[in-house]
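Protein chains: 2
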Amino acid sequence: MNVKGKILIADDEPDIVEIIRYNLTKEGYEIVTANNGDDAIQKAKLSQPDLIILDIMMPRKNGVEVCEILRAQPAFKDTVIVFLTALSDESSHVKGLETGADDYISKPVSPKILVSRIHAMFRRINKEPEEKVIKIDNLEIDPVKFEAKVDSKAVVLAKKEFELLYLLASKPGRVFLRNEILNQIWGNDVIVGDRTIDVHIRKIRQKLGIDCITTVKGVGYKFTM
Amino acid sequence: MNVKGKILIADDEPDIVEIIRYNLTKEGYEIVTANNGDDAIQKAKLSQPDLIILDIMMPRKNGVEVCEILRAQPAFKDTVIVFLTALSDESSHVKGLETGADDYISKPVSPKILVSRIHAMFRRINKEPEEKVIKIDNLEIDPVKFEAKVDSKAVVLAKKEFELLYLLASKPGRVFLRNEILNQIWGNDVIVGDRTIDVHIRKIRQKLGIDCITTVKGVGYKFTM
DNA sequence: ATATTGAGTTCACAATTTGTTAATATGTGA
DNA sequence: TCACATATTAACAAATTGTGAACTCAATAT
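Here it is as structure tokens:
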């Protein structure tokens with residue numbers, strides 16, 4: 043079987059690492075392992091994996107720290123990072139996802155679930171960068187031409203406005219939390235005031251002239267037609 | 043074999059504990075034991091098990107009390123709690139399920155049945171923790187879209203209302219204590235009056251227009267269709 | 001070099017929605 | 001029936017978002 047992808051597993055418990063390695067190797071993935079935070083960063087840089095599984099609790103930098111460090115580097119911008127967390131530890135989930143992880147898997151890990159989740163992740167990775175035109179009703183958004191059309195009439199949007207609209211329209215109906223929007227459009231580390239999003243939303247609504255963005259108070263915004 | 047999960051057994055009869063421990067250890071579970079109510083609470087907090095087996099009749103806080111206390115803490119939100127009851131004692135069943143238990147097993151325990159029930163429970167636990175759409179009859183609750191539908195007709199719920207409905211509907215039939223609801227939706231430290239919950243419940247009932255939340259006097263609320 | 005323009009942001013305040021409380025009514029079980 | 005818990009209602013408080021105007025900063029034009 044040909045190699046489906048390269049995965050880095052970082053966990054200080056050898057047993058866990060072995061279970062995961064065994065199951066994923068069997069599925070055709072190439073596996074690299076690390077047993078502490080610093081090691082994980084080293085190995086990540088060396089082997090440039092497609093996906094990184096990070097235990098939260100590790101000696102010498104925990105998973106969250108490792109994730110932050112890696113995410114700060116352009117080389118790992120698109121690398122999928124998955125956290126391993128104790129089932130109960132909810133704060134880690136939140137913290138993890140806020141830190142730029144793509145998903146988390148709860149321990150104890152069931153091999154079956156692990157494998158299916160990893161498969162799913164790779165499916166997402168391989169799905170070509172969806173720079174594709176979105177068409178919903180009389181609205182058309184073309185990320186290549188950087189252009190939006192309402193009733194075939196072009197609407198000029200500023201960069202941020204366009205990105206925001208594209209983000210929301212990419213998953214119609216789904217609510218994007220303000221945090222999520224900030225991370226997606228502005229980046230993890232940029233700090234902008236709370237009203238900023240509102241102002242851009244308003245401009246989009248204004249310019250498009252159609253009511254396609256719904257406010258979900260206390261939660262975020264969603265695209266609806 | 044790798045550890046499938048951690049189970050806490052609380053029963054004051056050493057024989058019972060040993061039978062259960064033996065059988066579940068053989069199946070690859072990690073076992074923690076307690077022999078009275080207070081001890082059970084202690085051990086639960088310390089070892090954070092995935093599943094707790096509680097005898098109803100125990101010295102120093104009975105099973106129901108232990109369950110109530112644990113359920114009031116967010117850390118045990120997703121912990122599966124199973125009661126051990128004497129076969130005859132039907133009122134315990136009722137009381138138990140009303141208190142937030144997920145299942146009960148009748149004594150005397152047949153090892154075979156015990157193991158299969160526990161397996162089943164763990165299958166449920168491992169079902170991905172992802173927020174997923176709840177569909178019950180003509181009601182649909184989508185946490186991603188933050189939207190509820192009755193007969194395919196969207197109903198607009200405020201944040202708290204939605205969270206509350208989602209909580210109740212996530213385990214249909216299970217009673218949520220007022221305490222539990224407070225901890226889940228408002229958080230440990232926030233203090234709000236008792237009537238607040240009622241008001242939100244009422245709004246949900248009103249907005250949905252269907253009778254799906256049942257009041258359990260003196261205990262809490264449960265979702266029923 | 002200086003003015004102009006527009007994106008992006010921030011701010012203060014208005015508008016609105018949501019959440020909470022308190023007071024009263026209603027219902028239910030011992 | 002009498003307590004007690006919940007339902008209901010409306011008034012109030014708090015939180016969140018919308019809005020218009022001003023400001024910063026580059027890029028571009030004059």
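First to last, the protein sequences are chains R and A. So for the first sequence, this note's numbering puts the first residue at 43; every next one is plus one. So for the second sequence, this note's numbering puts the first residue at 43; every next one is plus one. Backbone N, C-alpha and C fix where the C-beta goes; we use that ideal spot for every residue, glycine too.
Excluding the 5 residues preceding and the 5 following residue i in the sequence, name in chain order all residues of the same chain whose CB lies nearer than 6 Å to its CB.
| i | result |
| --- | --- |
| Arg63(A) | Ile73 |
| Phe22(A) | Any property of residue 22(A) remains undetermined from this structure, which presents chain A solely from 43 to 267. |
| Leu207(A) | Ile246 |
| Ile176(R) | Ile183, Ala211 |
| Pro153(A) | Asn65 |
| Leu139(R) | Since pLDDT at Leu139(R) reaches only 48, below the 50 mark, its modelled position is unreliable, and the value read off the structure follows with that caveat. Cβ neighbours of Leu139(R) beyond the five flanking positions: none. |
| Val186(A) | none |
| Met100(A) | Asp54, Asn78, Gly79 |
| Gln115(A) | none |
How many whole angstroms separate the CB atoms of residue i and residue j, which I take to be in contact at a CB cut-off of 8 Å?
| i | j | result |
| --- | --- | --- |
| Ile178(R) | Pro214(R) | 6 Å |
| Val124(A) | Asp144(A) | 6 Å |
| Arg216(A) | Lys259(A) | 16 Å between Cβ atoms; not a contact. |
| Asp92(R) | Thr67(R) | Incorrect: roughly 15 Å between the Cβ atoms, too far for contact. |
| Phe188(A) | Phe204(A) | 6 Å |
| Val151(A) | Ile223(A) | Their Cβ separation, rounded to whole angstroms, is 32 Å, which puts Val151(A) and Ile223(A) out of contact at 8 Å. |
| Gly142(A) | Cys109(A) | 6 Å |
Would you mind reading off the limits of the beta strand (DSSP E) that contains residue i?
| i | result |
| --- | --- |
| Ala52(R) | 47–52 |
| Ile183(A) | 181–184 |
| Ile94(R) | 93–97 |
Going by DSSP, what residue range makes up the alpha helix (DSSP H) through residue i?
| i | result |
| --- | --- |
| Val108(R) | 105–113 |
| Ala82(R) | 79–89 |
| Thr121(A) | Element bounds for Thr121(A): n/a, residue is neither H nor E. |
| Gln226(A) | Looking at the DSSP string, Gln226(A) is not in any alpha helix (DSSP H), and its letter there is neither H nor E. |
| Ile233(A) | Here Ile233(A) belongs to no alpha helix (DSSP H), and DSSP marks it neither H nor E. |
| Phe201(R) | The sequence given here places Lys at residue 201(R); Phe does not occur at that position. Start and end: 201–212. |
Looking only at its chain, what residues have a beta carbon closer than 7 Å to the beta carbon of residue i, apart from the 5 residues adjacent to it on each side?
| i | result |
| --- | --- |
| Arg220(A) | Asp236, Ile239, Gly262 |
| Asp97(A) | Ala52, Asp53, Asp54, Gly105, Leu126 |
| Ile255(A) | Leu210, Ile243, Ile246, Arg247, Tyr263, Phe265 |
| Thr257(R) | Tyr263 |
| Lys233(A) | Residue identity differs from the one stated: residue 233(A) is Ile in this sequence, not Lys. Once the five neighbours on either side are set aside, Ile233(A) has no close Cβ partner at all. |
| Lys149(A) | Leu126, Thr127, Ala128, Leu129 |
| Glu107(R) | Gly79 |
| His135(A) | Note that His135(A) scores a pLDDT of 45, beneath 50, so its modelled location is shaky; the value from the coordinates is reported in the next line. Taken in chain order, the residues that qualify are Thr127, Tyr146. |
| Asp193(R) | Asn180 |
| Lys85(A) | Leu50, Val74, Ala76 |
| Ser89(A) | Lys48, Leu50, Val74 |
| Lys202(R) | Ile227, His242 |
| Ala196(A) | Glu189 |
| Lys119(A) | Gln226 |
| Glu132(R) | Caution is warranted here: a pLDDT of 48 is assigned to Glu132(R), below 50, making its placement in the model unreliable, and the coordinate value is therefore given only provisionally. None. |
Can you tell me which residues form a DSSP beta bridge with residue i?
| i | result |
| --- | --- |
| Tyr71(A) | Gly47(A) |
| Lys191(A) | Glu182(A), Ala196(A) |
| Leu219(A) | Gly262(A) |
| Ser148(A) | Thr127(A) |
| Thr238(R) | Answer by DSSP bridge pairing: none, since Thr238(R) is not bridged. |
| Ala76(A) | Ala52(A) |
| Ile255(R) | Phe265(R) |
| Lys177(R) | Glu182(R) |
Excluding the 5 residues preceding and the 5 following residue i in the sequence, name in chain order all residues of the same chain whose CB lies nearer than 8 Å to its CB.
| i | result |
| --- | --- |
| Ile111(R) | Ile83, Lys103 |
| Val59(A) | Ile51, Asp53, Thr75, Asn77 |
| Ile147(A) | Ile95, Val124, Phe125, Leu126, Thr127, Ile155, Leu156, Arg159 |
| Ile252(A) | Asn180, Leu181, Val192 |
| Met267(A) | Ile178, Asp179, Leu181, Pro214, Cys254 |
Of the residues that make up the region 174–192 of chain A, which ones have a beta carbon closer than 7 Å to any beta carbon in chain R? Val186, Lys187, Phe188
Residues from the region 242–262 of chain R in contact with chain A, defined by Cβ distance under 9 Å: Val258, Lys259, Gly260, Val261, Gly262
If the cut-off is 7 Å on Cβ atoms, which residues from the region 209–225 of chain R count as contacting chain A, listed in chain order? Gly215, Arg216, Val217
Relative to chain R, which residues along the region 82–107 of chain A have a C-beta separation below 7 Å, given in chain order? Gln90, Asp92
Give, in chain order, every residue of the region 54–72 of chain A whose Cβ lies closer than 9 Å to some Cβ of chain R. Glu72
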